[in-house]
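Peer 1: Chains as they are written, first to last, in the UniProt record's numbering: chain X, 1 to 256; chain W, 1 to 256.
The beta-carbon is built from N, C-alpha and C at its ideal position, and this holds for glycine as well.
Note that the structure is predicted; figures quoted are calculated from it, not measured.
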DNA sequence: AAGTGGTCTAGACCACGGG
DNA sequence: CCGTGGTCTAGACCACTTC
């Protein structure tokens, strides 16, 4: 039985204080100097211990201020509302729009940018287009309470998007799915694929993620009756989002 | 414009080599000693750089061996198969069973343990039982290719589970939902809630997670026509799992 | 035995944030 | 100003892996 290393012991001790409620959301931990004295360890060892807590998303350090217990209020993303999947309004299904966020968060804003590129293998296989063929790409940043919450990138087959509103470099107020609907491409279903991973440095900066927070990646391929009409790839801050899917008959769920 | 710190530069350099394919899955990075010489930095600085790559899940270090580029082949978890949601076999819907894993991974085994506890607020609200009332808890470990892939904990209201097979401390071969179905509680729908976070040390050990790998947490509440019949809470290794949901009419998806 | 990463020490200088 | 965390150095000893 190998002895547990010093910094792990210290990390466990501090973690216990948080889990026991001795330290709660927003509280400041003792300074690194104080922890040196308390545990009789060098500063680097203390920092190793704090580092593991940071990487577990339990605390966050700010230069000049101190180290604080993390606080997060994740909002729920209603990925599929079973009650919405009514035959009368099929085009309502599957848009990642502000509505779905509004329920728990503050106000939401978006800013869009546009580019055209050739399809990578990843995009091509999901959008069901030939690799290397041109696709229209629209990128949207989503903010909640002035904090960046997600980055969405949507891909449209060129033959659908060309000479339409989708190629204008400006926000589409009424939602891209409405535009597609008007063009005759009504989304009747979609396939979601969800993954979790650590952010790239660029994503960490864009989403203002403290270290130790994963991201969630959502690929949503939208289908009309006949074909794939849109692929959207969204990266969410992992500490601020919950995905909810309602499948089948869940009358008992809403009954309360 | 603050200058980028040395260890971040080094991390970025090494990350580029991986992303450019100069180093690919399974390759060994130069040793810390070699990197010291190459970058002209002290070992601690090199280790800081490697630490960020570890925390991004890009590399994994093994004592006495070296540091290696991570390789992961995530399998897809078919959380909702639209084609399966047929009225003829409603009881097929929503079980987290081996079938759903088998498609991409190797063989799968499970071992179960059983306990009885009083419902925490979290469990009570999801299972729709009174806080503090007794619930039957079944825990299952799932392995793929001899590697631990998920830990599932299922909760049943005591009035449903008592004096049934669900209270026997052994694996239920034909699946818990079959048992519930035979008891008159047929699952007709479910609500999934997905989150992402960094693992606790216990989870990291149980799932054999290298540092820098998040977990995905799935809460699935199963409903019969009238009530919640089961809550299952599953923790997956984040690098080994993709969730797929199929919503609405996706005939075009399967057409290919 | 030689090389690897894991752990730890004891210093140092810096930028940031608040009195 | 002074205390905070951020960064960096130059050592040291250890356990583990491979030969």
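#1: Any beta carbon from chain X within less than 8 Å of residue 225/W's own beta carbon?
#2: Please compile the residues from chain X whose C-beta is within a distance smaller than 9 Å of the C-beta of residue 193/W.
#3: Could you tell me the distance, in whole angstroms, from the CA atom of residue 49/X to the CA atom of residue 40/X?
#4: Using the Cβ count rule (16 or more neighbours within 10 Å means buried), how would you classify residue 82/W?
#5: Just how far apart, CA to CA, sit residue 14/W and residue 239/W?
#6: Quick check on DSSP: helix, strand or coil for residue 238/X?
#7: Let me see if you follow: with CB-CB separation under 8 Å, is residue 190/W close to chain X or not?
#8: Have a look at residue 183/W and residue 169/W and give me their C-alpha separation to the nearest angstrom.
#9: Report the residue from 163/X, 203/X, 152/X and 209/X whose alpha carbon sits nearest the alpha carbon of residue 273/X.
#10: Around the Cβ of residue 11/W, are there at least 16 other Cβ atoms within 10 angstroms (buried) or fewer (exposed)?
#11: Whose C-beta lies closer than 7 Å to the C-beta of residue 53/W among residues of the same chain, with five residues either side of it excluded?
#12: Could you tell me the distance, in whole angstroms, from the CA atom of residue 128/W to the CA atom of residue 213/X?
#13: Below 8 Å on the Cβ atoms is my contact criterion, and I expect residue 166/X with residue 243/X to pass it. Report the Cβ-Cβ distance as a whole number of Å.
#14: Can you find at least 3 beta carbon pairs, one from the segment 117–137 of chain W and one from the segment 155–164 of chain W, that sit closer than 8 Å?
#15: Counting only beta-carbon separations shorter than 8 Å, does residue 97/W have a partner in chain X?
#16: I'd like to know whether the C-beta atoms of residue 247/X and residue 189/W end up nearer to each other than 8 Å.
#17: Is there a Cβ of chain X sitting closer than 8 Å to that of residue 133/W, yes or no?
#18: Just checking my contact of residue 164/W with residue 179/W at CB under 8 Å: how many whole Å lie between their CB atoms?
#19: Against chain W, with Cβ distances strictly below 8 Å, would residue 248/X count as a contact?
#20: Which chain X residues are close to residue 62/W, counting only those with a beta carbon under 9 Å from its beta carbon?
#21: Going by DSSP, name the residue or residues bridged to residue 219/X.
#22: With 16 as the cutoff for other CB atoms within 10 Å, does residue 226/X come out buried or exposed?
#23: Taking only beta carbons into account, state which residues of the segment 31–61 of chain X come closer than 7 Å to chain W, listed in chain order.
#24: Tell me the DSSP secondary structure of residue 93/W in three-state form.
#25: Where DSSP assigns a beta bridge to residue 138/X, which residues make up the other side?
#26: Rounding to the nearest angstrom, what Cα-Cα distance links residue 75/W and residue 241/W in this structure?
#27: So which of 18/X, 27/X, 140/X and 43/X has the shortest CA-CA distance to residue 113/X?
#28: Within the same chain, show all residues whose beta-carbon is closer than 8 Å to that of residue 203/W, passing over the 5 residues directly before and after it, in chain order.
#29: Return helix, strand or coil for residue 32/X, following the three-state DSSP convention.
#30: Residue 212/X touches chain W at which residues, Cβ-Cβ below 9 Å?
#31: Using the C-alpha atoms, what's the distance from residue 249/W back to residue 87/X?
#32: Contact criterion: CB-CB distance below 8 Å. Does residue 80/W meet it with respect to chain X?
#33: Is the shortest distance between the beta-carbon of residue 257/X and the beta-carbons of chain W less than 8 Å?
#34: To the nearest angstrom, how far is the alpha carbon of residue 9/X from that of residue 192/W?
#35: Put residue 125/X into one of helix, strand or coil per three-state DSSP.
#36: Distance cutoff 8 Å, beta carbons only. Does residue 124/X sit that close to anything in chain W?
Peer 2: According to the structure shown:
#1: Nearest CB-CB separation between residue 225/W and chain X: below the 8 Å threshold.
#2: Chain X residues near residue 193/W: 76, 242, 243, 244 and 245.
#3: Cα to Cα, residue 49/X sits roughly 13 Å from residue 40/X.
#4: For residue 82/W, the predicted structure reports a pLDDT of 47, less than 50, and the residue's modelled location is therefore unreliable. A value from the coordinates is still provided. If you draw a 10 Å sphere on the C-beta of residue 82/W, you find 16 or more other C-beta atoms in it, and that means buried.
#5: In this structure, the straight-line span from the alpha carbon of residue 14/W to that of residue 239/W is close to 21 Å.
#6: Here residue 238/X sits in helix by DSSP.
#7: Chain X, which has a Cβ nearer than 8 Å to the Cβ of residue 190/W, makes this yes.
#8: As the crow flies, the alpha-carbon of residue 183/W is around 18 Å from that of residue 169/W.
#9: Because chain X here runs from 1 to 256, residue 273/X falls outside it and cannot be looked at.
#10: Classification of residue 11/W: buried, given that the 10 Å Cβ count is 16 or more.
#11: Within the same chain, residue 53/W has close Cβ partners 11, 14, 15 and 59.
#12: Distance between residue 128/W and residue 213/X, taken at the CA atoms: about 31 Å.
#13: About 26 Å separates the two Cβ atoms, so there is no contact after all.
#14: The segment 117–137 of chain W is in contact with the segment 155–164 of chain W.
#15: Low per-residue confidence applies at residue 97/W: pLDDT is 48, beneath 50, and the placement is therefore not dependable enough to give any value.
#16: Yes.
#17: Answer no: the Cβ-Cβ gap between residue 133/W and chain X never drops below 8 Å.
#18: Right, the Cβ-Cβ distance comes to about 7 Å (below 8 Å), so this counts as a contact.
#19: At least one chain W Cβ lies under 8 Å of residue 248/X.
#20: Those do not exist, as residue 62/W stays about 15 Å from chain X at its closest Cβ, beyond 9 Å.
#21: Answer is 193/X and 233/X, bridged to residue 219/X.
#22: Around the Cβ of residue 226/X, a 10 Å sphere holds fewer than 16 other Cβ atoms; the residue is exposed.
#23: Listed in sequence order: 55, 56 and 57.
#24: Summary for residue 93/W: the model assigns pLDDT 45, below 50, so the residue's position carries little reliability, and this model does not support an answer.
#25: 114/X and 154/X, per the DSSP bridge assignment.
#26: About 5 Å.
#27: Relative to the Cα of residue 113/X, the nearest Cα in the group 18/X, 27/X, 140/X and 43/X belongs to 140/X.
#28: If we look at residue 203/W and ignore the five residues flanking it on each side, its Cβ neighbours are 151, 209, 215 and 235.
#29: In this structure, DSSP gives residue 32/X a helical state, which the three-state scheme calls helix.
#30: The contacting residues are 55 and 198.
#31: Because the pLDDT of residue 87/X is 40, which lies under 50, any placement of that residue in the model is unreliable, and the question is left without a value.
#32: Chain X contact via Cβ: present.
#33: In the structure as shown, chain X starts at 1 and stops at 256, and residue 257/X therefore has no counterpart that could be examined.
#34: Taking the straight line joining both Cα atoms gives about 36 Å.
#35: Residue state, collapsed to three classes: helix.
#36: So no, residue 124/X is outside the interface.
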